[in-house]
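K.L.:
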């Protein structure tokens, strides 16, 4: 594949450019780590109190805060072009649509399943 | 006219090894073309077997279990091996970097891996055929697919692997379009075929993983008894259908969107007029891709889906019909006051317009809640999706293949022969599939080995089926004629000039066939639909 | 948005590094190559999210329709071990982020050190997972067809658990094994990827201009962590 | 163009209101009270589709001829976009599909909402036959209904997904294992109609058929009472033959010696049979009983283990009758 080694002038001139990437300070990473551990403990502690259905939503809320921390700092989204965040958001929106529409239907027709398992 | 340049991507470097290890998107496209064509032959053989069985009521040439395997394999091969990859992997691979002005796709090795995965997937289909066959229908509905003793595991593995192949191609295209555009190639100047591929890529990366997890669960269900889709273990078979159609409905748009992109390239060039309403066509592709995810439940109106969900899905289904309809109007408006040349690609574009018109309009019947009830699972559905997939996507593919053939292989084919083949395909296609609308409306259920049950009230079904079977033979004859016309051009065709159609697109600026290394993009990228420069073909 | 930037715009070309052997021919600059790779990785992560999305959907449907199964069955999961694994995975995410940081700062040895730590955490995670799976196996708490809980599996102090067992209770363990199993496979794949960049780091392939693979593997690793962050409360912390 | 499509819509609506009792070309003759709801929407769609298809074809062909390429003559000048026009041809289809959706939605609600006082019949679908149970306990392999009275079907499946489809009634609903699904119809005319399986279910999917027998006014009750009484007064062998028929045993086990999905029952009693695992046994009362209750336990060599258990479906007394019937097939 000799031709793969050839480069046009334009390429050669550009390939020597320096590009600097953003480096997250170590202190930020450690702080995020600490916050994640605290939140993990908090979500466990939350099961000691009875909040009814809110237990689930509280647990999901804490998980979402943790996920956001991981995405923003460990995964760089806070410093990167917002397009990557858009990719992530699209993924989450489509999962949510899938879950919600399927759930909506399953809950609607569940009585027909229930009637048979009881009968 | 000179011979095609001696050093081009087809001739240099030489040797089988240089092909099998190539990272050149053009070669990968050509290898995909050959591979998909072989799979198409396999799928057509099964189609002919099916049509022959149905030529008379009762047993004709095979038993009912064989028939069930034949229609399953026909569907699975055609969907997963042929129509899902055909346009992106063949024409997309060949054209995308050239039209973009890039040296290659963003990840050439991933691109080659995609082809190899396609081969492995195809191998698993052959294994399925050799060991036990498959009789679930291409939809793999549980609990039938978890209880049948045919080789579901091999088939599911094959489809799973093909999913990776599909994702790799799509990922490559999306990243290439984002990051490899040369100066001046703005989103507003992106050729509409690339917009189509971009929208298709979005669907492929969003939907295919859900198919993957569905098949994984199905496989584990069969091996271990996971029970998620098995009602006897507390699972839910309707949930499987939600999972399956979350992929399989958007998959229809994977098939049709790049086809619409091709039509948006062909019609302007052969009308010598800029595309009418570029922005609408471009954005509507993405709109169709995204809204297309919200309509999967229209496959389940009588499947036990709740009335509430069905109503929501029906409304969204009608919403997604609008952008497709408007695209058709935009194509017609592009032809208006043009200077239309009926070359073979344009003939196929017209065939697309008519057949896809019927396919799209009959989709409205099936999306209408009440009308869906007696039409669901009948031959009406079979006719509808063949009009969309064959009449739409495959005709667009043929338009594109005839359009870019001179660029791909450096030869002109015989126009008269190509146009007559298109005409034969058009007539035969309608002969094959239009009777299915009538029989379906009158109640003929799909996947029926024998229609004797209906003959008492509908004696004319025998005639319709004979019509369809003869049409099927003619349709295959049309495909063969089309293929012979193209293949014979490789030896007997006139060498193609760089730009035989006088098209303004970037891909026509390189020689035909292009050199191994794509030419650098021009200093200033122009409008891909600018015909003002009078780019009439020099030698024709 | 990076995609509207002009990737091939001329930057001042002061060639101090010479031509890098890791710049593929079809890219015109390291930045273009890095951004292409990164976008590719993000789109791959999107497919991973959708893959798990299917399982989250199954979870949601069964939890909504059969809450009693989840309430009954989650008690058989070991909360302390789950929390420990969460902490282990978060730690591995930290070390992975630090490995990327060191690579960006031209410190390959330190980067390799953090990658090794990441691998150790991953191994610890799988070790804990093994212990948990082994208990389930011994107690017969398996997916629905193999679901045959032994008498002693009744959690101490929760006498009568077996009597109140809801119909099809094994479906909880079907979903549990499907989701944690698929996640564990991703941990294994992640370990292979981390091992691969570790080898390349030791060979001196990476520097401040070319560290993309470390970064991409890092993104993948964080996603695996991110999914576990949801799995932990969904299975272990049901109330 | 707007006024053209309005005209077409009105024309379609008039067409739809026409006499639907005739055998139309596209749909079978309607036989239920809800059929016109479906058929009206169908004809409306047909009108709309025919109009738009004609529009595409006429414009496409006309442009090809009118604006064909002529030597030395380029395209005429025309705009490359026109926002007002594009909005217009977005709005018109939008209005049309909104109307279609509404039409479909109201019809569907009618199809899915059985009247309260409907007569209820239980339906069991299995590979590859139907069983209909009436309120008095009578079971039959065909669906007998009274004319002009709403009938509600409560359906369940014993194996895979099936679909109950009566084309003439415009009734179709999948039957999903593990749950009930329901549908209803009110037959308008006495007669016999096809009832078929519409969801692919394997080997004999195409043959999984029953008849809908619509009885004239007053005759349904008599038929039902007679049928129930007749079943009670049968000898064990005849009772077994009846059970063989209504439980669909015939779809796999013939009584004339031909092999089907399962072995024939003719002369099987007292025979030595080989099993898949290499063992063999003589077919006696115990073996038949076991094969009905636990079909996978001993599968005759050369056949697939595909039969469902009839535990909970057949009573002890019914199994004895079946055994008596099988004994008689020498």
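Chains as they are written, first to last, in the working numbering: chain D, 116 to 234; chain U, 5 to 544; chain G, 85 to 323; chain Z, 12 to 341. The beta carbon of each residue, even a glycine, is placed where N, CA and C say it ideally should be. A quick note: this is a predicted structure, and the numbers were derived from the prediction, not measured.
Beta-carbon of residue 112 of chain U versus every beta-carbon of chain G: anything under 8 Å?
P.N.:
Yes, residue 112 of chain U counts as interfacial toward chain G.
K.L.:
Would you say residue 143 of chain Z reaches chain U, if we count a Cβ-Cβ gap shorter than 8 Å as a contact?
P.N.:
Closer than 8 Å: no.
K.L.:
Quick check: what's the CA-CA separation for residue 135 of chain G versus residue 174 of chain U?
P.N.:
The alpha-carbon atoms of residue 135 of chain G and residue 174 of chain U are separated by roughly 16 Å.
K.L.:
Excluding five sequence neighbours on each side, which residues of the same chain lie with their C-beta closer than 8 Å to the C-beta of residue 186 of chain Z?
P.N.:
Result list for residue 186 of chain Z: 134, 136, 166, 167, 168, 172, 173, 174, 175, 192 and 210, in chain order.
K.L.:
Can you check DSSP and say which residues form a bridge with residue 140 of chain Z?
P.N.:
In DSSP, residue 140 of chain Z forms a bridge with Z/137.
K.L.:
Give the interface partners of residue 134 of chain D over in chain U, defined as CB-CB distance under 9 Å, in chain order.
P.N.:
Neighbours of residue 134 of chain D on chain U: none; closest Cβ ~14 Å, over 9 Å.
K.L.:
Would you verify that the beta carbon of residue 148 of chain Z is, or is not, closer than 8 Å to some beta carbon of chain D?
P.N.:
With 8 Å as the cut-off, residue 148 of chain Z does not count as an interface residue toward chain D.
K.L.:
Under a CB-based cut-off of 8 Å, is residue 281 of chain G close to chain U?
P.N.:
No - not a single Cβ of chain U is within 8 Å of the one on residue 281 of chain G.
K.L.:
Short check: CB of residue 188 of chain U to CB of residue 97 of chain U, under 8 Å?
P.N.:
Result no, Cβ atoms of residue 188 of chain U and residue 97 of chain U do not sit closer than 8 Å.
K.L.:
Only counting the same chain, and skipping five residues up and downstream in sequence, which positions put a Cβ closer than 6 Å to that of residue 187 of chain G?
P.N.:
Excluding residues within five positions, the ones whose Cβ falls inside 6 Å are 195, 290, 295 and 298.
K.L.:
Please classify residue 156 of chain D as buried or exposed, where buried requires at least 16 neighbouring CB atoms within 10 angstroms.
P.N.:
Per the 10 Å Cβ criterion, exposed.
K.L.:
Which of the residues in the region 180-211 of chain Z, read from start to end, lie with their CB under 7 Å from any CB of chain D?
P.N.:
Cβ contacts with chain D: 189, 190, 191 and 192.
K.L.:
Taking any Cβ of chain D, which residues in the region 166-181 of chain Z have a Cβ under 9 Å from it, in chain order?
P.N.:
For the region 166-181 of chain Z, which is checked against every Cβ of chain D, the residues closer than 9 Å are 167.
K.L.:
Does chain U have any CB closer than 8 Å to the CB of residue 216 of chain D?
P.N.:
By this cut-off, residue 216 of chain D is an interface position.
K.L.:
Applying a beta-carbon distance threshold of less than 8 Å, which residues of chain U neighbour residue 224 of chain D?
P.N.:
Per Cβ cutoff of 8 Å: 242, 308, 309 and 310.
K.L.:
Using a Cβ-Cβ cut-off of less than 8 Å, give me the residues of the region 157-189 of chain D that come near chain C, in sequence order.
P.N.:
Chain labels in this structure do not include chain C; the protein chains are D, U, G and Z.
K.L.:
Over the uninterrupted alpha helix (DSSP H) stretch that includes residue 235 of chain U, give me the two end residues.
P.N.:
Counting along the chain, residue 235 of chain U falls outside any alpha helix (DSSP H), and DSSP gives it neither H nor E.
K.L.:
In chain D, what lies closer than 7 Å to residue 145 of chain G by C-beta?
P.N.:
The contacting residues are 217, 218 and 221.
K.L.:
Tell me which residue opens and which closes the alpha helix (DSSP H) that residue 302 of chain U is part of.
P.N.:
Taken as a continuous stretch (DSSP letters only), residue 302 of chain U belongs to no alpha helix (DSSP H), as it is neither H nor E.
K.L.:
Under a three-way DSSP split, which group does residue 225 of chain U fall into?
P.N.:
Note: residue 225 of chain U maps to helix in three-state DSSP.
K.L.:
By the three-class DSSP mapping on this structure, what secondary structure does residue 42 of chain Z have?
P.N.:
If DSSP states are grouped into helix, strand and coil, residue 42 of chain Z belongs with coil.
K.L.:
Do you know how far the Cα of residue 296 of chain U is from the Cα of residue 184 of chain U?
P.N.:
Distance between the alpha carbons of residue 184 of chain U and residue 296 of chain U is about 28 Å.
K.L.:
Going straight from the alpha carbon of residue 607 of chain U to that of residue 282 of chain U, what length do you get?
P.N.:
Nothing in the structure corresponds to residue 607 of chain U, since chain U is present only between 5 and 544.
K.L.:
Using the beta-carbon count (16 or more within 10 Å), is residue 320 of chain U buried or exposed?
P.N.:
So residue 320 of chain U counts as buried.
K.L.:
Tell me which residues share the same chain as residue 453 of chain U and place their Cβ nearer than 6 Å to its Cβ, disregarding the 5 neighbours each side in the sequence.
P.N.:
Cβ neighbours of residue 453 of chain U beyond the five flanking positions: 68 and 71.
K.L.:
With DSSP as the reference, label residue 184 of chain Z as helix, strand or coil.
P.N.:
Residue state, collapsed to three classes: strand.
K.L.:
Taking residue 233 of chain U and residue 239 of chain U to be in contact with their CB atoms under 8 Å, please state how far apart those CB atoms are, rounded to whole angstroms.
P.N.:
Sure, about 5 Å apart at Cβ, within 8 Å.
K.L.:
For residue 523 of chain U, I'd like the list of residues in its chain whose CB is within less than 8 Å of its CB, leaving aside the five on either flank, ordered along the chain.
P.N.:
Contacts found: 513 and 514.
K.L.:
Going along chain Z in order, which residues have a C-beta closer than 8 Å to the C-beta of residue 230 of chain D?
P.N.:
Within chain Z, the residues near residue 230 of chain D are 190 and 191.
K.L.:
Quick check on residue 65 of chain U: buried or exposed, where buried means 16 or more other Cβ atoms within 10 Å of its Cβ?
P.N.:
By the neighbour-count rule (16 or more Cβ atoms within 10 Å), residue 65 of chain U is not buried but exposed.
K.L.:
In chain order, which alpha helix (DSSP H) runs of at least 4 residues are fully inside the region 86-173 of chain U?
P.N.:
Qualifying alpha helix (DSSP H) stretches, in chain order: 97-104, 112-134 and 148-151.
K.L.:
With 8 Å as the threshold, decide whether the Cβ of residue 259 of chain G is near any Cβ in chain D.
P.N.:
For residue 259 of chain G, the answer is no, since every Cβ of chain D falls outside 8 Å of its Cβ.
K.L.:
Whose C-alpha, out of Z/287, Z/330 and Z/160, is nearest the C-alpha of residue 232 of chain Z?
P.N.:
Closest by alpha carbon: Z/160.
K.L.:
Go to residue 173 of chain Z, then tell me how far its beta strand (DSSP E) extends in each direction, as first and last residue.
P.N.:
Where residue 173 of chain Z is concerned, the enclosing beta strand (DSSP E) stretches over 173-177.
K.L.:
Secondary structure at residue 130 of chain Z, three-state DSSP: helix, strand or coil?
P.N.:
Reduced to three states, the DSSP call for residue 130 of chain Z is strand.
K.L.:
Counting only beta-carbon separations shorter than 8 Å, does residue 239 of chain U have a partner in chain G?
P.N.:
At least one chain G Cβ lies under 8 Å of residue 239 of chain U.
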